Structure formats: C-alpha cells, structure tokens
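Asks:
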Amino acid sequence: MTGPEHYREAERLIAVAVRSDQTTYEGENPEADRTLAEAQVHATLALAAATALVDETPRSDSHSEYRAWQSVAGSPYQGPGEAR
Numbered sequence: 001m002t003g004p005e006h007y008r009e010a011e012r013l014i015a016v017a018v019r020s021d022q023t024t025y026e027g028e029n030p031e032a033d034r035t036l037a038e039a040q041v042h043a044t045l046a047l048a049a050a051t052a053l054v055d056e057t058p059r060s061d062s063h064s065e066y067r068a069w070q071s072v073a074g075s076p077y078q079g080p081g082e083a084r
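Read left to right, the sequence shown gives residues 1 to 84 (full-length UniProt numbering).
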C-alpha cells in the first residue's frame with residue numbers, strides 16, 4: 001500500500017468502528033476496538049510515508065506519490081510543465 005492508501009484505509013476503518021452501535025471506546029466492543037487498532041496502524045504507516053515527502057517539492061522520482069498526497073491532504077501538486 002502507498003502512504004495515501006494507508007491514510008484512506010485508516011479513515012475508512014475509523015468510520016466503520018464509529019458506526020458500530022456498541023462502540024464505547026472502553027472495551028465494550030472488542031471488534032470495534034480491533035478495528036480502531038488496525039486504523040491506528042494504517043495511520044502510523046501513512047504518517048511515516050508522508051514524513052518521507054516533507055520537502056516542499058518532490059524528488060524527481062516521486063511525483064506520482066507527491067500528487068497522491070496532495071489530493072489526500074493538501075492542494076493539488078503542479079509538476080514540471082504543468083499550468084498553475
């Protein structure tokens with residue numbers, strides 16, 4: 001999975017856990033607790049991937065990944081030769 005995919009999966013899993021009628025965030029719904037734990041892992045992996053792209057401009061080999069991050073978390077990336 002790419003960083004943006006991990007980010008989106010974390011968001012999806014959080015929504016699944018929150019929609020559960022029995023979720024109390026205090027151990028009352030073990031399945032929701034497991035889902036939230038899985039979401040946390042995906043969020044951590046997304047953070048690690050995003051940290052690798054901390055530069056204001058992407059490295060020459062990471063334009064597609066940078067565009068994906070911008071579509072998830074920021075303004076659209078304008079690459080070399082693209083209109084602003």
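Note that CB positions come from ideal geometry on N, CA and C, so glycine has one too. Model, not experiment: these values are computed from the prediction.
(1) For Ala32, is the classification buried or exposed, using 16 other Cβ atoms within 10 angstroms of its Cβ as the cut-off for buried?
(2) If you draw a straight line from the C-alpha of Ala50 to the C-alpha of Pro30, how long is it?
(3) Using a C-beta cutoff of 8 Å, does His63 count as contacting chain C?
(4) If Leu47 sits next to Ala17, beta carbons under 8 Å apart, how far is it from one beta carbon to the other, in whole angstroms?
Replies: Walking through what the data contain:
(1) buried
(2) 30 Å
(3) The chain inventory of the structure shown lacks chain C, comprising one protein chain alone.
(4) Not a contact, Cβ separation roughly 19 Å.
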